[in-house]
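Written out below as structure tokens is the structure these notes cover.
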């Protein structure tokens, strides 16, 4: 079968999966498949896309790369051991510690960092974490600061010019580009002290933590003048003994993190909690600022569930996706979903 | 006072708690405090004939994560236990695990399997013990049962360094008077003929003219003013201790006449080596 035939078959299969059992939801929403890319059939290091509209990074199973807003694959590669990737650059690192090669989103070499640590890229910043040090670089490999660490790092959150680090000893630190420790905080108040999740909002005004066991607490700190103050804390019913992924909405008004029954949503202004969605590990979640709808992908092990929900947790759309590795990104009405080696581009349309 | 309490705790620990090696028949491949890519190693690396990893002491699982579930998995697949005595034990580079995790574990329970997860190039267990009461890492070898090692550390070389000269010491040496820095290369092994693994000794003491000048002991690592400090003997930071492959033991002033420099090194089992150097000083 030729390449065109292969794509055609995949496309038909895709249509089959998404339209076999359409769910009537009242306020109908449809995800209309536009294109699919099978990464197994892509030549590696393939650069074709128009780059003007900006590129989106993906990491899916053994693959990583970039695609454009109109879903043209710009670059794809196979992970050596792991990949740290952001929209601007990536580091495809090997299992044996040594040199980290920072590459632009078109694969061109950008700079090199010699380190034994693990890289994490967010926007134009790189955090490198080793057993002993945490370091903060720009994409040119310029070191902003380096800090010796004593405790095991459980969580990291990076936003413009700030790194929030959660430690297993129950403390957290917020460190600026300059290396200044803006916040050093230990919530305490639990039989076992530990930070299980830490997130800083995109506008750096809010810090959210999940801390401790017996009880496990959700703690909110807000920036008041130049200091972060605790403004709310809640005891959580479920007690996680692992890192819990936590996200701020793009408008910084809501915080999302999983619980066994669904996704906790905390509104910073109303200080109200609600649970939406269903069980499964939260892969990613987006809040549509105009409609208030949530789009989320929950990973349930050998399948994932894509949901679109109203603010009142009413299902507008739900679809099971088979696979083990998943990826989810939403830009406006465009949905980019990955499962195993397939990347799909879908458009949300009203019914 | 805190130091005395810590020493008391260490000395009483074996009788109060039934510590065991996390791998039956395990042996050390890297020791506490050694040079680990420009920093002190905060635990020990263990290999062994078996693959099962058990808790070194009964405890409560307070953290676990496979590589893909962590945001920065520097220790690979990892589990952490909290113990009644305030210790936390950390087990890294495990094989992947799945399913519901048992929360309370006894010494006989299986915690995991030895693996090579994370950025490591060999199968081993990275094992750390953290004392939450003293906020410091503890050398696990202090509290684990003796390994049966009967081979003393080897003092391979001692070097005197001044602004003008660098002298590798022999049994008898002619030197000029003045201030010198003393460096030594000292390695320890467990004496096994089937493997050649070199680690740092547990304790090093330097005497000059019969006086103790410095003692370095690899007991604990604690953060002080943003730096990790090795404690037990004279507190020392990584940069102050390690110089390439040598250890900086301190400074002495050489007065004219004959002086004796003595270096003593011990391993955790109490095996001891001593080298004495005669210094003829003009």
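Protein chains in written order, with the working numbering: chain P, 6 to 356; chain G, 1148 to 1429.
The beta-carbon is built from N, C-alpha and C at its ideal position, and this holds for glycine as well.
If we ignore side chains and look at the alpha-carbon of each, how far apart do residue i and residue j end up?
i               : j               : result
residue 66(P)   : residue 331(P)  : 8 Å
residue 247(P)  : residue 266(P)  : 17 Å
residue 261(P)  : residue 1379(G) : 46 Å
residue 334(P)  : residue 1234(G) : 42 Å
residue 362(P)  : residue 1186(G) : What is shown of chain P runs 6 to 356, which leaves residue 362(P) out entirely.
residue 1355(G) : residue 1401(G) : 9 Å
residue 46(P)   : residue 85(P)   : 18 Å
residue 1162(G) : residue 1268(G) : Bear in mind that the predicted position of residue 1162(G) carries a pLDDT of just 45, short of 50, making it unreliable; the figure below should be weighed with that in mind. If you take the alpha carbons of residue 1162(G) and residue 1268(G), they lie about 37 Å apart.
residue 69(P)   : residue 253(P)  : 24 Å
residue 201(P)  : residue 160(P)  : 7 Å
residue 1272(G) : residue 1408(G) : 39 Å
residue 1406(G) : residue 1363(G) : 22 Å
residue 1424(G) : residue 1292(G) : 35 Å
residue 352(P)  : residue 1232(G) : 57 Å
residue 360(P)  : residue 1270(G) : For residue 360(P) there is no data in the structure shown, the boundaries of chain P being 6 and 356.
residue 1315(G) : residue 1343(G) : 25 Å
residue 303(P)  : residue 1216(G) : 14 Å
residue 1303(G) : residue 1334(G) : 7 Å
Under 9 Å between C-beta atoms, does residue i make it to chain C?
i              : result
residue 159(P) : Annotation note: the requested chain C is absent from the structure, which comprises protein chains P and G.
Grouping DSSP H, G and I as helix and E and B as strand, with all else coil, what is residue i?
i               : result
residue 1385(G) : helix
residue 401(P)  : With chain P covering 6 to 356 only, the question about residue 401(P) has no answer from this structure.
residue 1215(G) : helix
residue 327(P)  : strand
residue 103(P)  : strand
residue 1278(G) : strand
residue 1170(G) : coil
residue 1362(G) : strand
residue 1288(G) : helix
residue 75(P)   : coil
residue 43(P)   : strand
residue 347(P)  : strand
residue 1230(G) : coil
residue 1425(G) : strand
residue 97(P)   : strand
residue 192(P)  : coil
residue 170(P)  : strand
residue 293(P)  : coil
residue 214(P)  : strand
Let me check one thing: in DSSP terms, what residues is residue i bridge-paired to?
i               : result
residue 1378(G) : 1367(G)
residue 1325(G) : 1401(G)
residue 1308(G) : 1313(G) and 1328(G)
residue 150(P)  : 141(P)
residue 1415(G) : In the DSSP output, where bridge partners are listed per residue, residue 1415(G) has none listed.
residue 335(P)  : 340(P)
residue 266(P)  : In DSSP, residue 266(P) forms no bridge with anything.
residue 128(P)  : Looking at the DSSP assignment, residue 128(P) forms no beta bridge with any residue, so it has no partner.
residue 1224(G) : 1241(G)
residue 1207(G) : 1229(G) and 1251(G)
Please check the pair residue i and residue j, which I expect to be a contact at CB under 8 Å, by giving their CB distance rounded to whole angstroms.
i               : j               : result
residue 196(P)  : residue 218(P)  : 6 Å
residue 140(P)  : residue 151(P)  : 4 Å
residue 1265(G) : residue 1239(G) : 7 Å
residue 107(P)  : residue 121(P)  : Incorrect: roughly 16 Å between the Cβ atoms, too far for contact.
residue 270(P)  : residue 263(P)  : That pair is no contact at about 11 Å.
residue 1329(G) : residue 1307(G) : 6 Å
residue 1365(G) : residue 1377(G) : 6 Å
residue 132(P)  : residue 168(P)  : 6 Å
residue 299(P)  : residue 314(P)  : 5 Å
Taking the alpha carbon of residue i as the point to measure from, which residue in the options has its own alpha carbon closest?
i               : options                               : result
residue 1299(G) : 1390(G), 1417(G), 1422(G) and 1290(G) : 1417(G)
residue 1352(G) : 1289(G), 1420(G) and 1271(G)          : 1420(G)
residue 295(P)  : 338(P), 322(P), 277(P) and 308(P)     : 338(P)
residue 1427(G) : 1364(G), 1410(G), 1363(G) and 1319(G) : 1319(G)
residue 74(P)   : 176(P), 307(P), 63(P) and 83(P)       : 63(P)
residue 1183(G) : 102(P), 244(P) and 34(P)              : 102(P)
residue 1203(G) : 1394(G), 1194(G), 1237(G) and 1209(G) : 1237(G)
residue 354(P)  : 159(P), 346(P) and 340(P)             : 340(P)
residue 1370(G) : 1284(G), 1424(G), 1219(G) and 1259(G) : 1284(G)
residue 147(P)  : 317(P), 249(P), 116(P) and 40(P)      : 116(P)
residue 1323(G) : 1404(G), 1215(G), 1214(G) and 1222(G) : 1404(G)
residue 185(P)  : 1279(G), 1373(G) and 1244(G)          : 1373(G)
residue 236(P)  : 225(P), 207(P) and 349(P)             : 225(P)
residue 433(P)  : 223(P), 138(P) and 142(P)             : Nothing can be reported for residue 433(P): it is not among the residues displayed for chain P, which extend from 6 to 356.
residue 376(P)  : 320(P), 44(P), 209(P) and 199(P)      : No information on residue 376(P) is available, as it lies outside the stretch 6 to 356 that chain P covers here.
residue 1388(G) : 1256(G), 1332(G) and 1244(G)          : 1332(G)
residue 349(P)  : 34(P), 41(P) and 36(P)                : 41(P)
residue 194(P)  : 165(P), 204(P), 188(P) and 240(P)     : 240(P)
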